[in-house]
Amino acid sequence: MEVGMDDPILSVRHLTIDIPLAQGTMHAVRGIGFDLKRGETLCIVGESGSGKSLTSLAIMGLLSKKLRQKAEKLQFAGLDLRNQTPRMMRGLRGDRMAMIFQEPMTSLNPAYTIGDQLEEAYLLHRKAGKAEARARAVELLGKVGITAAESRLSQYPHQLSGGLRQRVMIAMALMCEPELIIADEPTTALDVTIQAQILRLLSDLQREMNMAMILVTHDLGIVARIADKVAVMYAGEVVEQGTAAEIFDNPRHPYTRGLLRCIPVPGKTKPGERLGSIPGIVPSLVGNFQGCAFRGRCDVAEPICSEMVPVQEEGQEHMWRCIHAAGEGASEGVSQGVRP
Ligand SMILES: Nc1ncnc2c1ncn2[C@@H]1O[C@H](COP(=O)(O)OP(=O)(O)OP(=O)(O)O)[C@@H](O)[C@H]1O
């Protein structure tokens, strides 16, 4: 099924991911949702363990079978991803959707040349001949700024620097010009200056190819520069989401405000600048959890916060899940509904 240009290419509603553990079930992702259109970039930010990677893996159909995933809606390009067989998901991955991981050495096979690995997805999905796949590989290596691309094809991953390997990973993900790309902290392992170059490159290619992109990152400088939308995750929930301008200029949730306190203005944030740290620890998500997960670290928390948080409603442009923020003369469209 084709989707119109204005329809979301990706639509997620009430995605939950549970992890069975010896001590009980961990509710690692707790009912998140967002929409993404073609050509848009959604940055997911939040501290370690908030569920960003699990969310990315769930969309790609790569979650371990031991984890339990449910969603009211998980739709990509008009396809219901909840009903796809593993074979169908393999058909989509590398072709219409692709993922770039943190550490290229875990995704690149040390035993195969760069050329073989770049050509593989193209040969598989495009039913192309070897010469055509090779020409495409050279073209993509050029696009990601790798010079003497022909000679790189016969090299093995260990012969390249970390920055070059990450460029190869980007080229690999883009071989079939996917409609959706998910990049999970794609430059964490690299030097700060190279990180900024590579993320800028990824963002330029994403716009050139009109792909939708989810970028999971801790780097608020990058978020300020390239995000159209931002989702702030905390303890398995999206606590605030909106356009980048709304999140940076008018953050409403105390957690978002805490993260941005040091660097509130897009354009002033430097590449490599990371999330500030907020005192306190994230509560355990094992077993039943009620109320706002941030309340233990929040300076405006009240007893009612241990009972309820505002719910997210369909179609809200700027959403935050905090009773206080919503009560402070919030703008239109903010949910006043609550759930335990
Ligand atoms: N296979 C697993 N078994 C048990 N716990 C897991 C598993 N995968 C993830 N978790 C837990 O689920 C929570 C969310 O993990 P996730 O990797 O999505 O966090 P994240 O926000 O991506 O963190 P980071 O920024 O550190 O990558 C964490 O507490 C993590 O320890």
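In this note's numbering, the protein residues as written are 345 to 684.
By construction, the Cβ of each residue, glycine as well, lies at the ideal position given by its N, Cα and C atoms.
Beta-carbon proximity check, V630 vs Q367, cutoff 8 Å: Taking C-beta atoms as the reference points, V630 and Q367 count as a pair closer than 8 Å.
Burial state of L712, where buried means 16 or more other Cβ atoms lie within 10 Å: Nothing can be reported for residue 712, as the shown portion of the chain is limited to 345 through 684.
Any non-hydrogen atom of ligand 1 closer than 7 Å to M443 Cβ: For ligand 1, not one heavy atom lies less than 7 Å from the Cβ of M443.
Element boundaries [beta strand (DSSP E), containing R496]: Counting along the chain, R496 falls outside any beta strand (DSSP E), though it belongs to the alpha helix (DSSP H) covering A493 to R496.
Where the alpha helix (DSSP H) through G624 begins and ends: Taken as a continuous stretch (DSSP letters only), G624 belongs to no alpha helix (DSSP H), as it is neither H nor E.
CA nearest to the CA of I458, picked from E523, L504, G395 and S547: The shortest CA-to-CA distance from I458 to any of E523, L504, G395 and S547 is the one to L504.
Residues sharing a beta bridge with L433, DSSP: In the sequence as presented, Leu is not what sits at residue 433; that position holds Met. Per DSSP, M433 has no beta bridge partner at all.
Per DSSP, cross-strand counterpart(s) of V644: DSSP, once it has assigned bridges, lists no residue as partnering V644.
Any beta strand (DSSP E) of 3 or more consecutive residues that is wholly inside the stretch 560-591: Segments of the beta strand (DSSP E) lying fully in the stretch 560-591: 573-578 and 581-587.
Shell residues, 5 Å Cβ cut-off relative to heavy atoms of ligand 1: Working through the chain, the matches are I363, A372, S392, G393, S394, G395, K396, S397 and L398.
Reduced DSSP category for C387 - H, G, I as helix; E, B as strand; rest coil: Assigned with DSSP and collapsed to three states, C387 falls in strand.
Bridge-paired residues (DSSP) for A442: Looking at the DSSP assignment, A442 forms a beta bridge with I525.
Secondary structure of T360, DSSP reduced to three states: DSSP places T360 in strand when its eight states are reduced to three.
Beta-carbon separation (whole angstroms), R374 vs T360, contact threshold 8 Å: Yes, R374 and T360 are in contact; Cβ-Cβ is about 6 Å, under 8 Å.
H605 classed as buried or exposed, judged by whether at least 16 other C-beta atoms fall within 10 angstroms: Position check: residue 605 holds Arg in this sequence, whereas His was assumed. Here R605 is exposed: its Cβ has fewer than 16 other Cβ atoms, across all protein chains shown, within 10 Å.
Local conformation of P352 per DSSP, three classes: P352: strand per DSSP, three-state reduction.
Cutoff 6 Å; reference M553; Cβ partners in own chain excluding five residues on either side: Here the set comprises E521.
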